[in-house]
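Here the sequence shown is numbered in the working numbering, starting from 1 and rising by one per residue.
Where is the CB? At the ideal position from N, CA and C, for every residue including glycine.
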Amino acid sequence: MSDTGFLSDIQTLRARARQHIEEGAVTSSYGADRETVLKLLNEALATELVCTLRYRRHYFMAKGIHSQAVADEFLEHSNEEQQHADMIAERIVQLGGEPNFSPEGLSTRSHAEYIEGANLIDMIKEDLVAERVAIESYTEMIRYFGDKDPTTRRIMENILAVEEEHADELSDLLDGKNGEGMAH
Ligand SMILES: [Fe+2]
Ligand SMILES: [Fe+2]
């Protein structure tokens, strides 16, 4: 046992890292089942892409008396979902996988749905449902990643915090805390 303690030997660690260099960010201490993590991340990616598209549609279709502020909110959310998609795709590549951007089967891979909504209130409600679905499934993923893949866990925790903000903003819009009150 060298005096570098539990890391046993920095040289051994470096040699091991070099040996696995072709595996990218995946080192031999990677504790998770990589295939499962990649599958979960591709489902999260599909969820983010569907949410990006749904918010984009809602942004362009928002009409009516309170529509400007709500449309701005839709656009902001759409852009943030796109950022989440990028973060997840980047992590998939780091783990040696391939991000699935195929439009084929996209809505099946996604946990959240693409629902157009007939009017502004419907759109906000559908977005809120989708956020709640994302919050539920990301919470489960985070529990699964646990200590086995702390980096992926942190990425998903950061995304989850933003989804919770989205849900909060949408329910404020419905409750009328954000202006004149949409639902009344
Ligand atoms: Fe998101
Ligand atoms: Fe969101």
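Less than 7 Å between the CB of residue i and some heavy atom of ligand 1, yes or no?
{"i": "H58", "result": "no"}
{"i": "A134", "result": "yes"}
{"i": "E81", "result": "yes"}
{"i": "I159", "result": "yes"}
{"i": "H66", "result": "no"}
{"i": "E48", "result": "yes"}
{"i": "H84", "result": "yes"}
Which of helix, strand or coil does DSSP assign to residue i?
{"i": "T47", "result": "helix"}
{"i": "G5", "result": "Here the model assigns G5 a pLDDT of 48, short of 50, so the residue's position is not dependable, and the following value carries that caveat. G5: helix per DSSP, three-state reduction."}
{"i": "K125", "result": "helix"}
{"i": "T27", "result": "coil"}
{"i": "A183", "result": "Low confidence applies here, because A183 scores a pLDDT of 48, under 50, leaving its location unreliable; read the following figure in that light. Coil."}
{"i": "D33", "result": "coil"}
{"i": "D149", "result": "coil"}
On the criterion of 16 or more Cβ atoms from any shown chain inside 10 Å, does residue i qualify as buried, or is it exposed?
{"i": "R54", "result": "buried"}
{"i": "S137", "result": "buried"}
{"i": "I65", "result": "exposed"}
{"i": "G181", "result": "Low confidence applies to G181: its pLDDT is 49, below 50, so where it sits in the model is not reliable enough to give any reading."}
{"i": "M1", "result": "The pLDDT assigned to M1 is 40, lower than 50, so where the model puts this residue is not dependable, and the model offers no usable value."}
{"i": "F101", "result": "exposed"}
{"i": "S29", "result": "exposed"}
{"i": "G105", "result": "exposed"}
{"i": "G97", "result": "buried"}
{"i": "P103", "result": "exposed"}
Ligand 2 and residue i: does the residue's C-beta get closer than 7 Å to at least one heavy atom of that ligand?
{"i": "V70", "result": "no"}
{"i": "V162", "result": "yes"}
{"i": "H77", "result": "yes"}
{"i": "H166", "result": "yes"}
{"i": "E73", "result": "no"}
{"i": "E131", "result": "yes"}
Inset, instruction - Any chance you could list the alpha helix (DSSP H) runs of at least 4 consecutive residues sitting entirely within the region 61-138, in chain order? - result: 67-94 and 106-109
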